[in-house]
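Enquirer: First the structure, then my questions, so here it is.
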Amino acid sequence: MNAPTDPTSLERAEKLQGMGCKRKRVEDVRFTQGRGNYVDDIKLPGMLHGDFHRSSHAHARVLKIDTSKAKAVPGVVAVLTAEDLKGVNLAWMPTLAGDVQMVLADGKVLYQNQEIAFVVATDRYIAADAADLVEVEYEDLPVVVDPFKAMAPDAPVLREDLKDKMDGAHGPRKHYNHIFNWQVGDKDLTDAAFAKAEVATKDLLVYQRVHPCPLETCQCLVSFSKITGEITIYGTFQAPHVIRTVVALISGLPEQKIHVISPDIGGGFGNKVGAYPGYICAAVASIVTGLPVKWVEDRIENLSTTSFARDYHMTTEIAATRDGKVTALRVHILADHGAFDACADPSKWPAGFSNIVTGSYDFPVAHLSVDGVYTNKAPGGVAYRCSFRVTEVAYAIERAMDIMAQKLGLDPVDFRMKNFIKREQFPYHSALGWEYDSGDYHTAMQKALDATGYRKLREEQKARQDAFKRGETREIMGVGVAFFTEIVGAGPSKNCDILGIAMFDSAEIRIHPTGRVLGRMGSKSQGQGHETTWAQIIATEIGIPADDIAIEEGNTDTAPYGLGTYGSRSTPVTGAAIAMAARKIKAKAQMIAAYLLEVHEGDLEWDVDRFRVKGNPEQFKTMAQLAWAAYNKVPPGMEPGLEAVSYYDPPNMTYPFGAYVCVMDIDVDTGVHKVRRFYALDDCGTRINPMIIEGQVHGGCTEGYAIAMGQEIFYDEDGNVKGASFMDYFLPTAVETPHWETDYTVTPSPHHPIGAKGVGESPNVGSVPCFANAVNDAFKFLGSTHMAMPHDAYRVWQAAENLGLHR
Amino acid sequence: MSKCNVSVTVNGKSVSAEVESRTLLIHYLRENLGLTGSHIGCDTSHCGACTVDIDGKSVKSCTIFALQAQGAQILTIEGMAGADGKLHALQEAFREMHGLQCGYCTPGMIMRAHRLLQENPNPSEAEIRMGISGNLCRCTGYQNIVKAIQYAAAKLNGVDYKEAAE
C-alpha cells in the first residue's frame with residue numbers, strides 16, 4: 001500500500017479513523033448507558049428458570065435421588081435427572097478433548113458441586129428453593145485430589161466408564177486414572193546433552209489451579225418451538241458457531257434449525273469456550289416443556305464447576321555450559337485435568353501448545369513429555385487469557401531461566417541476552433517443532449532495560465540487601481524480569497481443528513450503494529472492542545471512514561462460520577480474513593473505476609480512499625462513488641454489487657513477544673508486598689488501535705498480578721473446593737492493582753496480510769512469571785531458589801519464616 | 808410466599824410493583840421494572856456490578872430487599888444521561904479514557920463514581936482508588952477508570968483535564 005504523501009491524502013487518511021489511530025470505542029455508547037444486551041437481560045414470553053442441585057461430595061456413589069419434594073413445590077414444572085436425560089441419549093456429552101462428561105450425575109459423582117438434578121420453575125427463586133429440596137443418598141468413595149497420587153497402583157478408580165478402555169483419545173493409557181501421554185522433541189539427544197552438561201538445574205514448578213472468572217458468569221436462554229422444530233440458543237459463547245455444530249451433532253437436530261446467538265458478553269477469558277451441563281439441561285428442558293428456559297449460574301457455581309485453568313506440575317530441567325550458554329531443555333508436565341478431560345484445546349493438541357516451552361531461547365535440543373490424569377476436581381482446562389497452555393510453560397521457562405542464572409551467578413538479564421534467538425535466525429525453527437515467524441528480542445529487552453534503569457535498580461537492590469544484613473531495614477527488594485514468546489492465532493488447518501473443523505476464521509463485507517458498510521465476522525468480542533477495530537482495518541483497506549462501517553458478530557444465522565474468539569486468535573485469523581475480504585472488494589472496485597475513467601486498470605493507483613489515474617491525480621473515483629456505481633454502472637459482463645467473503649486459513653501461527661520488568665518491595669515480617677513499578681513492553685506486530693492495545697495490556701497484567709499474588713482454586717484432601725467465592729478468590733480491587741507502564745516495539749508478522757500478531761493475552765503470559773521472578777529475586781540473596789505461587793502475604797511470610805528471618 | 812407492593816421513585820419516575828417480600832432490589836429493578844443496566848456479578852456483595860444510588864448513597868442492590876427501598880429515590884445508570892440524550896460527564900469520560908471493555912461492571916462503576924464525586928468533587932488518585940474499591944473490574948486493570956473519573960471530575964468542576972505524568 002502506498003503511504004499517503006501529499007497533505008490532502010494525509011488529511012483524508014486521518015478522517016478514515018483507520019489502523020494505527022486511537023479510535024474511541026463504538027461499543028461504549030451503549031455500555032455507558034446501561035444499554036448493553038447480555039444474556040440475562042433477554043426475556044421471552046413464558047420463560048422458565050433452571051437451577052441445579054449439586055453434589056456435596058467429591059467422590060461418592062449416588063444410591064438414590066428423591067425429587068418428590070422438589071416437584072411438589074408450586075411453580076416447579078420439571079426436575080431432570082440423569083435417568084430423564086438417558087431417554088434422549090444426553091446423560092453424557094462429548095467433550096472438546098475427545099472424552100465424555102456426565103451432564104447429570106449418572107451413578108456416581110466425581111467432584112464437589114457436580115450437577116445432579118436440574119429443576120425448572122416459573123421463577124428463579126422457586127427454582128433455587130426446589131433445587132435445595134432434592135434429596136440424594138450417597139455412599140462415600142475415597143477421594144484423589146493430588147495428581148501425583150492419581151496413578152498410584154492402589155488409587156481409587158475414578159472413571160469406571162473407562163476402567164478397561166486402555167486406549168484413550170490421544171493414545172494408550174498407562175493406568176485407569178491416566179488420560180494421555182504426549183511427547184515432542186528428541187529424547188535421546190536431550191538425555192545425551194544432559195549427561196554431559198556442565199551445569200544443570202531441575203525444579204518442580206507448579207502453576208496452581210485458577211479460574212478465568214469473568215464478571216458475568218456462564219448463562220444461556222434456550223427456546224425450542226414444537227411447531228417449527230427450531231431451537232434458538234442465546235448464550236455466553238466465545239465460539240457460537242462451534243456451539244451450533246456441537247448441538248447439531250449431539251442432538252440430531254438439523255443445523256439450519258439451530259440458531260445460536262451470542263449477544264454482548266461480560267468478559268470471557270476462556271471460561272466461555274466450552275459446553276457445560278447447564279446448556280444441555282436448559283435445551284432439554286425447553287424441548288420437553290416447549291417453553292423458553294433460562295439458566296444463569298451464580299458465582300460459586302462458576303468458580304467451582306464451569307471450567308478451571310492451569311493445574312500444571314512442571315518438572316523443568318535446563319542444561320548449560322559454565323559460561324552460561326543453554327544446551328538442552330527437558331520438561332515433564334503432570335497435568336491435572338479433573339474428573340473429565342474437557343480441556344478446550346485444538347483437538348490434536350492434548351496439552352495445547354505447551355511445546356512453546358523453549359520460549360525465547362535458542363535451545364539446540366529439547367524434550368517435553370506431558371501426562372494428563374484424572375482427579376476428583378472440576379473438569380475444564382481452558383486457556384485463561386492465553387493461548388492453549390502457553391502461560392503455564394512461559395512461567396516454567398521464565399522461572400527456570402532465573403534459577404539457572406542464579407546457579408551460574410549471572411544476572412538474569414545477561415543470561416537471557418546470551419541465549420536469545422537472534423534477529424537474523426528468524427524464521428526460527430525451535431527444537432520442539434515450531435516455526436517462529438519474526439522477532440527482535442535483543443532490541444526489546446534493551447529498550448526495557450533502558451526505560452527502567454535496570455542496572456541502577458540492581459545497585460539499589462545491592463545497597464538494600466546490605467542494609468537488611470546490617471539490620472537497618474526489614475524490607476527487601478526484588479527486580480523481576482520476564483521475556484516471553486507467545487504462540488497465538490490457531491490455527492493452520494494442517495494441524496489445528498476442533499472436532500474436525502479447521503480453525504480458519506471469516507469475514508463478510510458488504511458495501512451498500514451509499515458507501516456505508518456492513519461487516520460480519522466469525523469471531524465474537526467479549527470486551528476486546530471488535531466493533532471498533534474491525535472497522536479500522538476495513539477503513540484503511542478500502543478507504544471508507546470507520547464511522548460508516550457497522551460490525552456484527554455472534555449471530556450464527558447471519559455471520560459467516562468462524563471458530564470464535566479465544567487464544568488471541570481474532571486479530572491473527574479474523575483480522576487477516578477481514579483484510580483479504582476488503583482486498584477482494586478493492587480489486588472489484590478498481591475494475592469499476594477503470595471502466596468509469598476509461599483507462600486500463602494498471603493505469604490506476606490507490607490513494608487513501610480513491611483510485612486515481614497515475615500522473616493525473618485530478619482524475620479519480622472515490623470508494624463511495626464506486627460503491628454507487630457498483631449498483632448501476634458496472635463494466636459489461638460484471639455482476640453488480642460490491643461484497644466479498646473471505647475464509648482465512650492462516651499459513652502459520654503468530655509469535656508475539658515482550659519484555660516485562662517488575663520492581664517490588666517486600667516486608668519480611670508481614671509478607672506484604674508493594675509493586676513499586678511494573679513495565680510491560682509488548683511487540684504484537686502491526687498495531688491496529690494503540691488505545692485498545694494499552695487497555696488489553698492493563699487488563700492482562702492485572703489478571704497476571706492476581707494469579708501470581710493470590711489466586712487459587714484449592715481443594716482440601718476430602719475434595720472440598722475452597723476459595724470458590726469472592727470471599728476467598730483473589731480479585732484485586734483498584735487499591736491493590738499496581739500502576740502499569742506500557743511500551744512497545746513493532747516487528748510485523750511476515751505472513752499476516754497486515755502484519756498483526758494479536759495482543760489480548762500476552763500480558764497474562766508475561767506478567768505472571770515477572771511477578772513470580774520479582775518475589776523470588778527479592779529472597780535470592782538469602783539463599784532461596786524457588787517459592788511456589790501464589791505469593792500471597794501469608795505464603796511469603798511463611799517463606800521468610802522458613803528462611804529463619806523471624807528469629 | 809407473601810407478596811407486597813413496593814413503590815419507589817426511579818430516575819425521577821414513580822413506579823410500583825407487586826413482588827414477593829424476599830425479592831432483592833436488583834431483581835426488582837431488572838425483572839419488574841425492566842431496568843437491565845444494573846448487573847449481577849457475584850451474589851455476595853463483593854463485585855458492585857449492581858451498584859445504584861439510593862437517597863444519596865451508593866448501595867449494592869443485590870444486598871437489600873426491594874421492600875427496604877420502599878419510598879426511596881433511586882438513581883440507576885439508565886437515569887444518568889439527560890432527558891435530551893446528552894451523556895453525563897462520567898459516561899462521556901469512560902468512553903473518552905477507555906475506562907471499559909466488556910461493559911459489565913461499567914454501570915455499577917459509573918454509579919459509584921457518581922456518588923464519589925458528589926462526596927468529594929476533587930478526589931486524588933488514591934481517594935478514587937479507595938472510593939471504587941467496592942467495585943470489581945476484570946478487564947481494565949482500573950487505570951483508565953481512574954483516569955475517566957479524574958476527567959469527569961475536571962469537567963464537572965469546569966477545569967481542563969490534565970493527565971498526570973506516567
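Chains as they are written, first to last, in this note's numbering: chain E, 1 to 807; chain C, 808 to 973. For each residue, glycine too, the CB sits at the ideal point set by N, CA and C.
(1) Within the present structure, is the beta-carbon of Ala-582(E) separated from the nearest heavy atom of the ligand MG by less than 7 Å?
(2) Quick one: is Leu-907(C) near chain E, going by C-beta distance under 8 Å?
(3) In this structure, does DSSP put Pro-220(E) in helix, strand or coil?
(4) Is there a C-beta anywhere in chain C that falls below 8 Å from the one on Ser-725(E)?
(5) Take the Cβ of His-600(E) as the centre, count every other Cβ of all protein chains shown within 10 Å, and call the residue buried at 16 or more, exposed below.
(6) The beta strand (DSSP E) spanning Pro-94(E) covers which residue range?
(7) Who are the near neighbours of Val-765(E) in its chain, counting only those whose CB is closer than 7 Å to its CB and skipping five residues on each side?
(8) Are the stretch 652-662 of chain E and the stretch 746-761 of chain E touching by the rule of at least three beta carbon pairs closer than 8 Å?
(9) At least one CB of chain E closer than 8 Å to the CB of Tyr-968(C): is that the case?
(10) At a Cβ threshold of 8 Å, is Cys-739(E) touching chain C?
(11) Let me confirm a value: Ala-463(E) is counted as buried when at least 16 other C-beta atoms fall within 10 Å, else exposed. Which label applies?
(12) By the three-class DSSP mapping on this structure, what secondary structure does Pro-853(E) have?
(13) With distances taken Cα to Cα, identify the nearest neighbour of Glu-435(E) among Phe-426(E), Thr-443(E), His-442(E) and Tyr-441(E).
(14) Roughly how many angstroms separate the alpha carbons of Glu-598(E) and Leu-604(E), rounded to a whole number?
(15) Confirm, please, whether the CB-CB distance from Tyr-835(C) to Val-813(C) is below 8 Å.
(16) In its own chain, which residues sit with a C-beta less than 8 Å from the C-beta of Ala-888(C), not counting the 5 before and 5 after it?
(17) Grab me the residues of Glu-798(C)'s own chain with a C-beta within less than 7 Å of its C-beta, minus the 5 sequence neighbours each way, in chain order.
(18) If you measure beta-carbon to beta-carbon, which residues of the stretch 943-957 of chain C are closer than 8 Å to chain E?
(19) Would the beta-carbon of Val-29(E) fall within 8 Å of that of Ala-70(E)?
(20) Please state the DSSP three-state secondary structure of Ala-339(E).
(21) To the nearest angstrom, how far is it from the Cα of Gly-352(E) to the Cα of Asp-186(E)?
(22) Does the distance from the CB of Glu-317(E) to the CB of Ala-200(E) come in under 8 Å?
(23) Round the Cβ separation of Gly-491(E) and Pro-346(E) to the nearest angstrom and send it over; I've been treating them as touching at under 8 Å.
(24) Measure from the C-beta of Glu-698(E) to each C-beta in chain C and report whether the shortest distance is under 8 Å.
(25) Throw me the rounded Cβ distance for the Tyr-38(E) and Glu-216(E) pair, which I believe falls under 8 Å.
(26) List the whole-angstrom C-beta distance separating Val-645(E) from Ser-506(E), where the pair is believed to meet the contact cut-off of C-beta under 8 Å.
(27) By a C-beta neighbour count over all protein chains shown, 10 Å radius and 16 as the cutoff for buried, is Tyr-715(E) buried or exposed?
(28) Going along chain C in order, which residues have a C-beta closer than 9 Å to the C-beta of Lys-447(E)?
(29) Should Val-768(E) and Ala-708(E) be called a contact, given that it needs their Cβ atoms to be closer than 8 Å?
(30) Tell me, which residues are paired with Thr-485(E) by DSSP?
(31) Which term fits Gly-372(E), buried or exposed, when burial requires 16 or more other beta carbons within 10 angstroms of its beta carbon?
(32) Who are the Cβ neighbours of Thr-830(C) in its own chain at under 7 Å, not counting the five residues just before and after it?
(33) Within the 8 Å Cβ cut-off, does Cys-21(E) reach chain C?
(34) Expressed to the nearest angstrom, what Euclidean distance is found between the alpha-carbon atoms of Val-746(E) and Val-157(E)?
(35) Please tell me whether Pro-928(C) has its Cβ less than 8 Å away from any Cβ of chain E.
(36) Quick check on the DSSP output: the alpha helix (DSSP H) that includes Thr-913(C) runs from which residue to which?
Expert: Once the coordinates are examined:
(1) Although the ligand MG was asked about, the structure shown includes no ligands whatsoever.
(2) yes
(3) Here residue 220(E) is Cys; the residue named in the question, Pro, does not match the sequence. Of the three classes helix, strand and coil, the one that applies to Cys-220(E) here is strand, per DSSP.
(4) yes
(5) So His-600(E) counts as exposed.
(6) 92-94
(7) Cys-386, Val-390, Thr-391, Ala-394, Phe-484 and Glu-486
(8) Contact between the stretch 652-662 of chain E and the stretch 746-761 of chain E is present, because at least three Cβ pairs lie under 8 Å.
(9) Not one chain E Cβ lies under 8 Å of Tyr-968(C).
(10) Checking the sequence, you will find His at residue 739(E) rather than Cys. Yes - at least one Cβ of chain C is within 8 Å of the one on His-739(E).
(11) By the neighbour-count criterion, in which a residue is buried when 16 or more other Cβ atoms sit within 10 angstroms of its Cβ, Ala-463(E) is exposed.
(12) Look at the range of chain E in this structure, 1 to 807, and you will see that residue 853(E) is not part of it.
(13) Phe-426(E)
(14) Spanning the two alpha carbons is a distance of roughly 11 Å.
(15) Yes.
(16) Leu-894, His-895 and Gln-898
(17) This structure does not reach residue 798(C), given that chain C is present from 808 up to 973, and the question cannot be answered.
(18) Leu-943, Cys-944, Arg-945, Cys-946, Thr-947, Gly-948, Tyr-949, Gln-950, Asn-951, Ile-952 and Val-953
(19) no
(20) Residue state, collapsed to three classes: coil.
(21) 19 Å
(22) yes
(23) 6 Å
(24) Residue identity check: residue 698(E) is His in the sequence provided, not Glu. Answer yes: the Cβ-Cβ gap between His-698(E) and chain C drops below 8 Å somewhere.
(25) 6 Å
(26) 7 Å
(27) buried
(28) By Cβ distance, chain C contributes nothing, its closest Cβ being about 15 Å from Lys-447(E), past 9 Å.
(29) yes
(30) Phe-657(E)
(31) Classification of Gly-372(E): buried, given that the 10 Å Cβ count is 16 or more.
(32) Phe-872 and Ala-873
(33) no
(34) Distance from the CA of Val-746(E) to the CA of Val-157(E), rounded to the nearest whole angstrom, comes to 52 Å.
(35) no
(36) 913-926
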